[in-house]
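Protein chains: 2
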Amino acid sequence: MAAIEKLWEEVRELSLGTSSRVERLEGPPSPLRFLRDFVSANRPCIISNATLHWPAITSWTDDAYLTRALSASDSTDASTTASALVSVHLTPDGRADALVPRPDDPSSLCFASAHVERMPFDLALKHISNSSSGSISKPFVAYAQQQNDCFRSEYSALSPDVESHIPWATEALGCFPEAVNLWIGNHLSETSFHKDHYENLYAVISGEKHFLLLPPTDLHRMYVREYPAAQYIYSQDTGEFTLELEKPVRNVPWCSVNPYPSLSNEEREISLYPLYFNGPKPLECTVKAGEILYLPSMWFHYVRQSPDSRGRTVAINYWYDMQFDIKYAYFNFLQSIHYPSSNISGSSEKERDSLQSDGSACHPINESNCNINGKGNSGEESP
Amino acid sequence: MAAIEKLWEEVRELSLGTSSRVERLEGPPSPLRFLRDFVSANRPCIISNATLHWPAITSWTDDAYLTRALSASDSTDASTTASALVSVHLTPDGRADALVPRPDDPSSLCFASAHVERMPFDLALKHISNSSSGSISKPFVAYAQQQNDCFRSEYSALSPDVESHIPWATEALGCFPEAVNLWIGNHLSETSFHKDHYENLYAVISGEKHFLLLPPTDLHRMYVREYPAAQYIYSQDTGEFTLELEKPVRNVPWCSVNPYPSLSNEEREISLYPLYFNGPKPLECTVKAGEILYLPSMWFHYVRQSPDSRGRTVAINYWYDMQFDIKYAYFNFLQSIHYPSSNISGSSEKERDSLQSDGSACHPINESNCNINGKGNSGEESP
Chain A
1 MAAIEKLWEE VRELSLGTSS RVERLEGPPS PLRFLRDFVS ANRPCIISNA TLHWPAITSW
61 TDDAYLTRAL SASDSTDAST TASALVSVHL TPDGRADALV PRPDDPSSLC FASAHVERMP
121 FDLALKHISN SSSGSISKPF VAYAQQQNDC FRSEYSALSP DVESHIPWAT EALGCFPEAV
181 NLWIGNHLSE TSFHKDHYEN LYAVISGEKH FLLLPPTDLH RMYVREYPAA QYIYSQDTGE
241 FTLELEKPVR NVPWCSVNPY PSLSNEEREI SLYPLYFNGP KPLECTVKAG EILYLPSMWF
301 HYVRQSPDSR GRTVAINYWY DMQFDIKYAY FNFLQSIHYP SSNISGSSEK ERDSLQSDGS
361 ACHPINESNC NINGKGNSGE ESP
Chain B
1 MAAIEKLWEE VRELSLGTSS RVERLEGPPS PLRFLRDFVS ANRPCIISNA TLHWPAITSW
61 TDDAYLTRAL SASDSTDAST TASALVSVHL TPDGRADALV PRPDDPSSLC FASAHVERMP
121 FDLALKHISN SSSGSISKPF VAYAQQQNDC FRSEYSALSP DVESHIPWAT EALGCFPEAV
181 NLWIGNHLSE TSFHKDHYEN LYAVISGEKH FLLLPPTDLH RMYVREYPAA QYIYSQDTGE
241 FTLELEKPVR NVPWCSVNPY PSLSNEEREI SLYPLYFNGP KPLECTVKAG EILYLPSMWF
301 HYVRQSPDSR GRTVAINYWY DMQFDIKYAY FNFLQSIHYP SSNISGSSEK ERDSLQSDGS
361 ACHPINESNC NINGKGNSGE ESP
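The listed protein sequences derive, respectively, from chains A and B. Here the UniProt record's numbering is used: position 139 in the first sequence is 139, and no number is missing along the way. Here the UniProt record's numbering is used: position 8 in the second sequence is 8, and no number is missing along the way.
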């Protein structure tokens, strides 16, 4: 289907440029410029010198400060006791919401969600640091995060250290953030390709985040397929994970492409997903402490991170409602177009067709278009 | 192709609403609101109380004032003599840039452009008024207009009477208008369906303009086909028009649909263009003196007008550069999709295919994407 390939190219020629670099602004743009050049055009940018005035940039490097702040809210007001408990995602290898071999049939894949545990913040911090060193006594990777507006609930004691919203983005978008999420992970945490129905302002506080970005028009290159949902369960007794398929079976549409396959897998992956590996390169960028990435709605993104000197990467992201306008209608249209060679072996014609019109590697809100209420329940990782 | 029909519906459900009304604002929006809710969303609106402060709203109702202003520039400065000559489009029936029977084969159609004559403004005004009454001695309809930035060239003497740009639109779009055109017509002037590669701010000074509007996603409903270009030539001696096909043949892609076929033609037109006549209704609106229509880039529009008490409709439109971004890439993709039943009888498979990837009822700039320099040469009517 030459038309779809031309679309991939044209978006790059017209809008994104042909290099794989993300445009970098030296400081916050005016709301009008942000809206015109980036949001309306659905084009990412990095804003340097965006958050250097936030107390978090310095104070959050101090573990004692963080621990004190988060337990203080615990002791001063009984009604907010829960705020000192934070949600931590535990996985064997740092890959949550990722495709892994099915427990009952390792020759095919399932969509595995992390074991989520609420624990006191100081313990979470210890787990994140310990699990970064690959200690045998802690055979898991911990990632403090929860995409249910967790910063404003679990971490509210830290709210004076950052802005409650990004002023120029709020003015441009005409609304306050729908959710604010905190992410504390280590170098092992990674996020597989997916997209979100939000305009995303992603601020790195310490360490670095590395993004691969693909525009919504590249949909067919992601080989979105349905995978049965599964759940990691971690046993403190045995120190081991089990992976259980959800019952009744629930299928989750997810991107099949792993952009960094292991050497032994590389050839197989390239032959399975040629449209990704042989097509235009994704945009690639690194977001540093003090910078903000504008990650436009519906863009596919894959994320890895480099830790700071304490072995951690800390970030906070602001999800703003997106406009469900003509761009979104065009995307849904594109999604309904059958691209023959993006079929992967093993999925039947029928499966593929039902899939392509039902959803594509994003939050459940996809199904209800403008209803964003379901987002807290998904458990998907979406930085 | 159910996907394309779903696209028509979804744009309406998500963005435009299901009524056929255009949103009306009680006054000029803030630049941010205009950009966010209308330009970015590619959604039209009417702004009431937009230009009531312009001197033109009162002074241009006075023929003596207009004639004096436009001849004054004539007499005071020899170098601007040309400014008193204005371009007038002459047609037998008020339909320029319209599909009419071919002179050599009345069973098929050609794309007929007006006879354009430059004449002193007072004569133009007389012709416009006379030709509105259907006088036998003037067997033509005159329409003073030229889409080559004519207001700033031919009518510069009137520039103090209006704003040189629309301030809130200029701020939103981040640029000044690329062209400003004046239109003085009577009740017979009409403009067939087409689209422009511009953001259009269309201000009515006197009389009323009636628009039918269809979003770019409705492309296949317009049955864009190639028609050989032809030119009206008016002879002052005989008082008659001849219609001559251009030689060598030049094909112009144009919308086939006439939304108001004559009663005797109705059945035939509906059977030829069922996607238009049986699909979702176009948005419909009337723009009055003092109001501005925001006509988004790439929207198909058809225009008629009702005259003021002097038998004339006067309007001025501001063309701003559009962004050639992801929306434009999606449009081109949609255009490349073959929609079987939008084939009209008589056009071969080959013709249709070449057409759908080459252009679609708009200015020549279509072919060069971002090059807008060709616009002055087209002679197409594009309010």
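The beta carbon of each residue, even a glycine, is placed where N, CA and C say it ideally should be.
Taking C-alpha atoms, which residue in the options lies nearest to residue i?
i	options	result
A/Leu70	A/Ser59, A/Phe300, A/Arg310 and A/Leu85	A/Leu85
B/Arg312	B/Ile128, B/His210, B/Glu240 and B/Asp105	B/Ile128
A/His301	A/Ala179, A/Gly290, A/Thr286 and A/Pro307	A/Thr286
A/Glu291	A/Leu283, A/Glu266 and A/Leu52	A/Leu52
A/Ser206	A/Thr58, A/Pro177, A/Arg43 and A/Leu25	A/Thr58
A/Ala289	A/Ser297, A/Ile4, A/Ser309 and A/Ile270	A/Ser309
A/Ala169	A/Ser40, A/Leu16, A/His220 and A/Tyr330	A/Ser40
A/Ser131	A/Ala157, A/Trp183 and A/Ser189	A/Ser189
A/Glu26	A/Ala50, A/Leu14, A/Arg152 and A/Asp161	A/Ala50
A/Glu284	A/Leu14, A/Glu10, A/Cys45 and A/Phe34	A/Cys45
A/Asp325	B/Ser15, B/Thr238 and B/Glu10	B/Ser15
B/Cys150	B/Ser20, B/Leu219, B/Ile270 and B/Leu182	B/Leu182
A/Phe121	A/Lys327, A/Ala142, A/Ser262 and A/Ile4	A/Ala142
A/His89	A/Met298, A/Ala124 and A/Ile47	A/Ala124
B/Thr61	B/Trp299, B/Gln335 and B/Pro307	B/Pro307
B/Ile47	B/Arg24, B/Glu13 and B/Arg250	B/Arg24
B/Val116	B/Phe241, B/Tyr202, B/Ala56 and B/Arg152	B/Phe241
B/Leu293	B/Leu213, B/Glu163 and B/Ala2	B/Leu213
B/Ser87	B/Ile184, B/Phe38 and B/Ala64	B/Ile184
Would you identify the three-state DSSP class for residue i, choosing helix, strand or coil?
i	result
A/Asn42	coil
A/Asp93	coil
A/Tyr260	coil
B/Glu380	At B/Glu380 the pLDDT is 38, less than 50, meaning the model places this residue with poor confidence; the figure from the coordinates comes in the next sentence. In the structure shown, B/Glu380 sits in coil (DSSP, three-state: anything other than H, G, I, E or B).
A/Ser19	coil
A/Ser354	Its pLDDT being 37, under 50, A/Ser354 is placed unreliably in this model, and the coordinates cannot settle the point.
B/Leu14	helix
B/Thr313	strand
B/Ser107	strand
A/Arg36	helix
A/Thr81	Unreliable positioning characterises A/Thr81 in this predicted model, as indicated by a pLDDT of 44, which lies under 50. The coordinate reading is nonetheless provided below. Note: A/Thr81 maps to helix in three-state DSSP.
A/Pro101	strand
B/Leu52	coil
B/Tyr339	coil
A/Asp63	helix
B/Ser30	coil
A/Ser297	coil
A/Ser87	strand
Round the Cβ separation of residue i and residue j to the nearest angstrom and send it over; I've been treating them as touching at under 8 Å.
i	j	result
B/Met119	B/His197	Actually they do not touch by this definition, with Cβ atoms about 30 Å apart.
A/Arg304	A/His210	5 Å
B/Ala112	B/Val204	That belief does not hold up - the Cβ atoms of B/Ala112 and B/Val204 are roughly 26 Å apart, past 8 Å.
B/Pro92	B/Pro139	7 Å
B/Tyr232	B/Val257	Actually they do not touch by this definition, with Cβ atoms about 22 Å apart.
B/Pro259	B/Arg225	With a Cβ gap of about 16 Å, B/Pro259 and B/Arg225 do not count as contacting.
A/Trp54	A/Asp161	6 Å
B/Glu199	B/Tyr320	4 Å
A/Trp299	A/Pro177	Their Cβ separation, rounded to whole angstroms, is 18 Å, which puts A/Trp299 and A/Pro177 out of contact at 8 Å.
A/Ala230	A/Pro103	7 Å
B/Tyr339	B/His220	4 Å
A/Phe331	B/Ala3	In fact, because the Cβ distance is near 12 Å, the residues do not count as touching under 8 Å.
How far does the alpha helix (DSSP H) with residue i in it reach, from first residue to last?
i	result
A/Phe331	Ile326 to Ser336
B/Glu5	Ala2 to Val11
B/Ser59	Ala56 to Ser59
Would you give the residue range spanned by the beta strand (DSSP E) that residue i belongs to?
i	result
A/Arg152	Looking at the DSSP string, A/Arg152 is not in any beta strand (DSSP E); the run it does join, the alpha helix (DSSP H), is Cys150 to Ser153.
B/Phe277	Not the beta strand (DSSP E): B/Phe277 falls in the alpha helix (DSSP H), residues Pro274 to Phe277.
A/Val249	First-last for A/Val249: undefined, no H or E at that position.
B/Glu23	Glu23 to Leu25
B/Val303	Phe300 to Ser306
B/Val116	His115 to Pro120
A/Leu158	Segment: none, A/Leu158 is in no beta strand (DSSP E) and carries neither H nor E.
B/Ala289	Neither: B/Ala289 is in no beta strand (DSSP E) and is coded neither H nor E.
A/Phe241	Glu240 to Leu245
Can you give, in chain order, each stretch of the beta strand (DSSP E) that sits fully within the region 167–237 of chain A and has at least 3 residues? 179–185, 190–194, 198–206, 208–214 and 224–235
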